[in-house]
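Asker: Here it is, the structure in full.
Listed below in structure tokens is the structure:
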């Protein structure tokens, strides 16, 4: 049984690690590319959101490499993602791809539904081993996030353009290659070292922008047209409202691990703008703006795929939040078009504005200081 | 002076108007409904709503603005989270009251009580109690109003089942003589569409009227009983978590296999999330087995009627042609 699953940024490192820990053969689809998107939009429903199309493309490409079983997450609404697996499966069947599909989602009636689905993938491995493998997958996601966080810091300050990305790729490869918990620890340490070895100008003044919005678009560089990299090269230190490891802790472990940033804080801050959960990460998106504003960020960029329902609700509320907290906001919506240049121009303009604002604040503070001294 | 409560002629108005009307009237309020959709309502809606929202939500914005201009004291837009156990309406319905409050200026007070029957069906009476308390301290009166509203909804459902369209049913309930249902057409066309689109004759470009003029008898998804729809929807590989989506799929499955139906039209609103999935499911899962041909149409704010009319005419011609061939059970590729 060759198992495959869709791409979402560096998700593959942790899920693949988890499955291989259980001795399951994994066939990964090639990295999401233009071809993936073309296949997905050709066969997918016309105005479904983009992640569905990319998933579909991933599955078609994985099937070409011999994958037989799809492992997918599910959900119970109201976001469309909860029904992705069923729609994708029926499209694949119509196209003649012979896939088994295992959907891991909160059970409808009893917990045995879920456990039997897990059994379909794991076979006769003991539950203890399964739990260990989940822990291993989580540790991998922690390692990935550690090096990614470092890359956000170094990229805007690097002396040689592209050094950070080279180091990051190397570090991710090391983490991906690790086979045991011990090796993983070493790989994480080596990866962090690599990131810290990138030559930087630590005195450079940077702009700080938070990326918020829909999880898939935030995590998948193909879907967000490499926004982190482009911003980094414009001298922007970024932060994302969602990291994979935090998501796992929040949703799979129910926040069991303490001391890790949690999206619950965002939810608390969403009122009075949005007073109810709207599916997906809509509530978190709205609530993250006050949080980032308080942390002194210079701006926020909301990212989501065209027609994403929860984020549209958030989008219509964000201008008010941004005005109330005096933090500039830009909304970027991605769809099948892949013109990176258009996005870069908009990013440049936005960053220019933020720089101007930062400069004015600095001037304002200086003249105030002078006045105080003169009097 | 009596308190005026405004109800926008949009979204769930078509499911619950009698309930809301009788509830508020029993409490001694005057109920004001927004005007029928016209060009200015739609353009007000599109102007004040974010560009990416779906057509029905933009339209609802327009109706809220229309009500605000009518000097009502309250506008009733409940936050309908869920109308059935384990189900949702859709994310935009959940966020709608907030979207309105933060995007439209000079609004009267909004009543946005949450109605959430996802976990407990009894929540609905609590929600109405909460609304009622705004107007009276008399618990008995609230209970009476709620009971009366419920009865009206039952009556509405009976009328819908006997073949009336929602607006016709409202007219019958509130005084008008019972119209004779027209059944003089030679073909039967079924429409799968959310009531807030198909029964809004401006936005649906009077689709029902046009079909009737072409000599068709029209039924819509609203004319089917709840149990049938739900039972048909269980054919899906997984229970659908959108209540309105269930009706679309259930009605789709019923209509395409009904020998009395000659053609099915699936009318979706552009950018409607659930529609993008349910349209695909209805089309794909019945492709090989369906008896009636299926036409997929998508509507948005554009107002070019000619395109829609041409497609309708072509479809009707094909349905008639198929019927004249007298080949029951042969599915046409659409």
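Protein chains in written order, with the numbering used here: chain A, 125 to 499; chain B, 33 to 366. Think of the CB as a built atom: it goes at the ideal place given N, C-alpha and C, for glycine as much as any other residue. Model, not experiment: these values are computed from the prediction.
Can you give the Cα-Cα distance for residue 197(A) and residue 464(A), rounded to whole angstroms?
Answerer: The alpha-carbon atoms of residue 197(A) and residue 464(A) are separated by roughly 30 Å.
Asker: Taking the beta strand (DSSP E) that residue 252(B) falls in, what are its first and last residues?
Answerer: 248-252 is the extent of the beta strand (DSSP E) around residue 252(B).
Asker: In this structure, does DSSP put residue 36(B) in helix, strand or coil?
Answerer: Of the three classes helix, strand and coil, the one that applies to residue 36(B) here is strand, per DSSP.
Asker: At a Cβ threshold of 7 Å, is residue 436(A) touching chain B?
Answerer: Yes, contact with chain B.
Asker: Under a CB-based cut-off of 7 Å, is residue 201(A) close to chain B?
Answerer: So yes, residue 201(A) belongs to the interface.
Asker: The segment 270-293 of chain B: which residues have C-beta closer than 8 Å to a C-beta of chain A, in chain order?
Answerer: Result list: 270, 271, 272, 273 and 274.
Asker: Spatial neighbours of residue 86(B) within its chain, please: C-beta separation below 6 Å, excluding the five flanking residues on both sides.
Answerer: Closer than 6 Å at Cβ, skipping near neighbours: 301, 303 and 304.
Asker: Cα separation between residue 203(A) and residue 122(B)?
Answerer: So the two alpha carbons sit approximately 8 Å from each other.
Asker: Hey, how far is the Cα of residue 90(B) from the Cα of residue 406(A)?
Answerer: The alpha-carbon atoms of residue 90(B) and residue 406(A) are separated by roughly 19 Å.
Asker: Determine the burial state of residue 440(A): buried for a count of at least 16 other Cβ atoms within 10 Å of its Cβ, exposed for fewer.
Answerer: Per the 10 Å Cβ criterion, buried.
Asker: Please go through the same chain and pick out, in chain order, the residues whose beta-carbon is closer than 8 Å to the beta-carbon of residue 156(B), but skip the five residues on each side of it.
Answerer: Excluding sequence neighbours, residue 156(B) sits near 147 and 149.
Asker: By DSSP, does residue 301(B) sit in helix, in strand, or in coil?
Answerer: It is a strand residue.
Asker: Using only the alpha-carbon positions, how far apart do residue 338(B) and residue 348(B) sit?
Answerer: Those two C-alpha atoms are separated by around 15 Å.
Asker: With the cut-off set at 7 Å, would you say residue 257(B) and residue 193(B) are in Cβ contact?
Answerer: It is a contact, given that the beta carbons lie within the stated cut-off.
Asker: Mapping DSSP to helix, strand and coil, what is residue 108(B)?
Answerer: Strand at residue 108(B).
Asker: Which residues in chain A sit within 9 Å of residue 225(B), going by Cβ to Cβ distance?
Answerer: The contacting residues do not exist; residue 225(B) stays about 16 Å from chain A at best.
Asker: What is the DSSP secondary structure of residue 423(A), reduced to helix, strand or coil?
Answerer: The answer is strand: DSSP assigns residue 423(A) an E or B state.
Asker: With DSSP run on the structure shown, which of helix, strand or coil describes residue 363(A)?
Answerer: Residue 363(A) falls in the strand class under three-state DSSP.
Asker: Ignore the nearest five residues each way along the sequence and tell me which others in residue 366(B)'s own chain have a CB closer than 6 Å to its CB.
Answerer: Note on residue 366(B): pLDDT 45, under 50, position unreliable in the model; the coordinate value appears next. Once the five neighbours on either side are set aside, the close Cβ partners of residue 366(B) are 325 and 326.
Asker: Is the segment 67-76 of chain B close to the segment 252-269 of chain B, with three or more CB pairs under 8 Å?
Answerer: No, the segment 67-76 of chain B is not in contact with the segment 252-269 of chain B.
Asker: Bridge partners of residue 114(B), per DSSP?
Answerer: Residue 114(B) is bridged to 148(B).
Asker: Would you report the Cα separation of residue 435(B) and residue 269(A), rounded to the nearest angstrom?
Answerer: Because chain B spans 33 through 366 in this model, residue 435(B) falls outside it and cannot be assessed.
Asker: Excluding sequence positions up to five away, which residues of its chain have a Cβ less than 6 Å from the Cβ of residue 365(A)?
Answerer: Once the five neighbours on either side are set aside, the close Cβ partners of residue 365(A) are 336 and 412.
Asker: Between the Cα of residue 206(B) and those of 105(B), 54(B) and 153(B), spot the shortest distance and give me the residue it belongs to.
Answerer: Of the candidates 105(B), 54(B) and 153(B), the one whose C-alpha sits nearest the C-alpha of residue 206(B) is 54(B).
Asker: Apply the 10 Å Cβ neighbour rule to residue 367(B) and answer buried if 16 or more other Cβ atoms are within range, or exposed otherwise.
Answerer: Given a span of 33 to 366 for chain B in the structure shown, any question on residue 367(B) remains unanswerable.
Asker: For residue 335(A), report the span of its beta strand (DSSP E) as first-last.
Answerer: Where residue 335(A) is concerned, the enclosing beta strand (DSSP E) stretches over 331-337.
Asker: Specify the secondary structure class of residue 224(A) as computed by DSSP and reduced to three states.
Answerer: Three-state DSSP puts residue 224(A) in a strand.
Asker: Quick check on this structure: which residue in 160(B), 162(B), 179(B) and 196(B) has the alpha carbon closest to the alpha carbon of residue 46(B)?
Answerer: It is 196(B).
Asker: Using the C-alpha atoms, what's the distance from residue 209(A) back to residue 227(A)?
Answerer: About 7 Å.
Asker: Who does residue 194(A) pair with in a DSSP beta bridge?
Answerer: The partner list for residue 194(A) (beta bridge, DSSP) reads 128(A) and 225(A).
Asker: What does DSSP give as the partner residues of residue 500(A) in its beta bridges?
Answerer: The shown model of chain A, from 125 to 499, leaves out residue 500(A), and the question about it has no answer.
Asker: Where does residue 16(B) fall in DSSP's three states?
Answerer: Given a span of 33 to 366 for chain B in the structure shown, any question on residue 16(B) remains unanswerable.
Asker: Pick helix, strand or coil for residue 341(B), following the three-state DSSP scheme.
Answerer: Residue 341(B): helix per DSSP, three-state reduction.
Asker: Verify whether the separation of the beta carbon atoms of residue 315(A) and residue 141(A) is less than 7 Å.
Answerer: No. Outside cutoff.
Asker: Closer than 8 Å, Cβ to any Cβ of chain B: which residues of the segment 383-411 of chain A, in chain order?
Answerer: Answer in chain order: 397, 398, 399, 400, 401, 402, 403, 404 and 406.
Asker: Following the continuous beta strand (DSSP E) through residue 62(B), name the residue where it begins and the one where it ends.
Answerer: Residue 62(B) -> beta strand (DSSP E) spans 62-65.
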